[in-house]
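The listed protein sequences derive, respectively, from chains A and B. In terms of the working numbering, the first sequence has 251 at position 251, counting the first letter as 1, and numbering is strictly consecutive. To convert a position in the second sequence, counted from 1, into the working numbering, add 1000.
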Amino acid sequence: MANGYDERCAADLANVVEGRQLSRENACWLARAVIGAIRPNRDKPFWDIAHAVVAIGAKGRAQAVLDIVLDPRLVAPEAIARHLSSIVPPGRCDEHGLLLQAGDTLWKGSWTGLTRLLALAEFILTMEDLAAFREVSGWLDEALAPPHDVDLLVTRLVRRINLYRQAHVPLAPIEKRFRAILVFLSESRGRDVRGDTFDDDDILAFWRAEIAAGERPQFRTVVDHFITFEKATQILGSLRSIAEAMSLEAIEDWAERLEAMLGDLTTSDDAAVTLAESLAAMPESPKILTGAERDDLIDVISLDPFHRTRPLTVLRTVSFGRVQSGIANRLRRRGGGAPVSERVRCADAKSYADVVARAEALKTHLGRMIRIAATLRLGDKSFDDPAVAKLLAAAQADIGRIRRAGFDDPIEKLAAAFAKVDEALISVSDEIENFTSAAAKPVKGRLPADRFPEDRAFFSAAFTDAYRHGDADDDEAG
Amino acid sequence: MTTKQGEPGPEVAQLLAEAHAARLIAREALLAPNAASPGVHELWAYVRRAPGAPISLGIERAIRTDAATGARYRAMLAAIAVAHAPFAIAAADGQIARRRVGPCTIEILDAADAPSLLVIHLNGIDRLSTMEIACGEERLRLALPAPTAGAIVLSLDPANAEAATLDRLARDAASEIFLL
């Protein structure tokens, strides 16, 4: 649970996202619904599901509803509209979506909204390897029989997802850390400065304070919290105003603003996800990037936007975060590699100059690959032009010099492989360029690379404090 | 609200925590390696297939050889089954002539000069359409005829390959039975 949640939840989510080929927006909404990051009422999606089930299934039994939820053809609003209009009883739908008279209120569920609700329903049915499948389908059966107790179904679904959250996404530790960050910043910034701004050294000082308090968070985990924090303040403005507004509950449309903020924040990793996705999808052959190259690139880009705005924090994360995750891994596995007492000295930590040099080398390599890709794109169409022919010949000669798997494949095969990834190569190269140029500029009057020796002493002292029991420690770092 | 000056209330931390978890999990899920195959949609369609419908060798193999897929298939089947029994209590020789499957009772009646009969006593269940029986590598799905006087009767004629398989599986205490 390095980030406060376990792999189960991401895997359950990935299954639904992949099976239904959900758009990024819908996938992020699903993540929010599962977590409960929905405003103003986090139970609303389950209330909607319960109404939709009763509206759809009036005639039949739970199996018919399961057929709809688990039908891969019913994922787009048009397909859902077409199919459901033909099977629900008259009066239960109009051209916009489903309708259900529940007591005094008329519930409406749009076809577009149903694409999300069906995905959430599939999630509940299939999560934890179908652990709740039987139970949930039993509840559906009951709700479909008179007296159609929608409220009971809502209560049951909400209770079940709460159990899931407690097991796989315990929010209390994350909330505790954010509370600590809020207190830390408002105390350390003093009265004149806004309590929700911070710099590289604040992140470091906060992490150190957590360790002094007996916690052992990974530095990267803390950095991830600050990234979320910064995104939230950017989207919403001052967090102090949130606090005031939430306590007063006076501002009009406040709930809608919070809901929009949660949506924006969850989808805000666009660049990082797209890049990391395409990096992960690079072919084995031709070996445009090795596994190590890919990992090093993801290490930097996954901290977006800090690779542009806080290069020093990225350097610290890459260099010392790696030392710390090595310690955590050793404790988890109870062995392997150098003992903890040696690792805490950070003797093997990569210097910031080396991290930047590695990024520069990767950039050079990416540039070479991009040139090859560009030439291969021209293919054999432009041989008539002598200048292009010369470029192509040069690139072909360069291909011949690359000693990597797959580069001696026929040129058509190479061209096809490169055509799939050349845009990603360019974006990755741009982001690495952003990082290296940011890292070349002084931060608070000094070049980030020059701070390595004192940072090493700092991290070493902190690790020594955190892991003072050495290999006798159990790892419970979060 | 009792928080001191400048310290945001607990709602802010909660909002941040939820946003943070949703952000990281969405990112992780989008980066996750491809999901297990066959997916739940395929598996559900297979659970819902009519008896006699073509068999998918790929799915059959996955159910048999991949423990997780097998468990998912069985969970779906159990969810829609009217009656389900993962195994029976066997007599000393491992053979059974009578077993409970949920509210129903299944009985094998042997005769000296005629094919044996398999009788499903419904015991109050009003309708069954399908029986799925599986043991080890073997899995059989068959349509059930309409009941007469609260029981469904099937002939276990050894000349019929399906009936012969059913005969063998039904006598094996290790067989799992789903009645749909």
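Beta carbons are placed, not taken as given, at the ideal position from N, Cα and C, and that holds for glycine.
Under the 10 Å beta carbon count, Glu-1132(B) is surrounded by 16 or more other beta carbons and is classified as buried. When only Cα atoms are considered, Leu-1109(B) and Arg-1049(B) end up about 29 Å apart.
Per DSSP, Thr-105(A) is one residue of the beta strand (DSSP E) stretching across 105 to 110. For Ile-1108(B), the beta-bridge partners assigned by DSSP are Leu-1118(B).
For Gly-19(A), the uninterrupted alpha helix (DSSP H) segment begins and ends at 7 to 20. Taking C-alpha positions only, Cys-28(A) is separated from His-365(A) by approximately 34 Å. In the structure shown, Arg-334(A) adopts coil according to DSSP, grouped into three states. Its Cα nearest to that of Asp-6(A), the residue His-168(A) stands out among Val-54(A), His-168(A) and Ala-50(A). Across the structure, Thr-266(A) and Ala-81(A) are spaced so that their CA atoms are roughly 28 Å apart.
Among the residues facing chain B, Glu-277(A) is included, as its CB has a counterpart in that chain under 8 Å away.
Considering only Leu-153(A), Glu-259(A) and Asp-269(A), the residue with the shortest C-alpha distance to Leu-1030(B) is Asp-269(A). According to DSSP, residue pairing for Val-1153(B) in a beta bridge involves Val-1119(B). For the stretch 1027 to 1058 of chain B, the set of positions with a beta-carbon nearer than 7 Å to some beta-carbon of chain A reads Arg-1027, Glu-1028, Ala-1029, Leu-1030, Leu-1031, Ala-1032, Asn-1034, Ala-1035, Gly-1039, Val-1040, His-1041, Trp-1044 and Arg-1048 in chain order.
In the structure shown, Gln-218(A) falls within a coil segment according to DSSP collapsed to helix, strand and coil. Secondary structure note for Glu-1138(B): its beta strand (DSSP E) is the uninterrupted segment 1138 to 1143.
Shown here for Ala-119(A): same chain residues with a beta carbon closer than 7 Å to its own, the five before and five after excluded, namely Val-16, Arg-20, Leu-22, Asn-26 and Leu-30 in chain order. In the structure shown, the three-state DSSP call for Cys-28(A) is helix.
For chain B, the residues of the stretch 127 to 147 of chain A that bring a beta carbon within less than 9 Å of one of its beta carbons are Asp-129, Leu-130, Ala-131, Phe-133, Arg-134, Glu-135, Val-136, Ser-137 and Gly-138, in chain order. Taking CB atoms only, Met-1076(B) has a neighbour in chain A less than 8 Å away. Within chain A, no residue has its beta carbon less than 7 Å from that of Ile-1177(B); the closest one is some 16 Å off. In the three-state scheme derived from DSSP, where H, G and I count as helix and E and B as strand, His-307(A) is classed as helix. Nearest to Glu-215(A) by C-alpha distance, out of Glu-293(A), Val-75(A), Pro-45(A) and Lys-176(A), is Lys-176(A). Taking a contact as a CB-CB distance under 8 Å, the pair Thr-112(A) and Pro-77(A) counts as one, their CB atoms being some 5 Å apart.
Under the Cβ criterion of 8 Å, Leu-1016(B) is counted among the residues facing chain A. A straight-line Cα-Cα distance of about 25 Å links Ala-11(A) and Leu-140(A). In this structure, the straight-line span from the alpha carbon of Leu-74(A) to that of Thr-155(A) is close to 26 Å.
Non-local beta-carbon contacts of Met-369(A) in its own chain, meaning distances under 6 Å to residues more than five positions away in sequence, involve Ile-288 and Leu-425 in chain order. When secondary structure is reduced to three states using DSSP, Ala-62(A) falls in the helix class. Cα atoms of Ile-181(A) and Val-69(A): separation of roughly 41 Å, rounded to the nearest angstrom. Note: Leu-1057(B) is not bridge-paired with any residue in the DSSP secondary-structure output. In the assembly as shown, Gln-1014(B) is a buried residue. Its beta-carbon has 16 or more other beta-carbons within 10 Å. Take Ile-1152(B), set aside five residues on each side of it, and the residues of its chain with a beta-carbon closer than 8 Å to its own are Val-1119, Ile-1120, Leu-1122, Leu-1128, Leu-1144, Pro-1145 and Ala-1146, in chain order.
Contact between the stretch 346 to 353 of chain A and the stretch 305 to 322 of chain A is established, with three or more Cβ pairs separated by less than 8 Å. Per the coordinates, the alpha-carbon of Asp-422(A) lies some 8 Å from the alpha-carbon of Ala-374(A).
Across the structure, Leu-275(A) and Asp-264(A) are spaced so that their CA atoms are roughly 19 Å apart.
For the stretch 1089 to 1122 of chain B, the set of positions with a beta-carbon nearer than 9 Å to some beta-carbon of chain A is empty.
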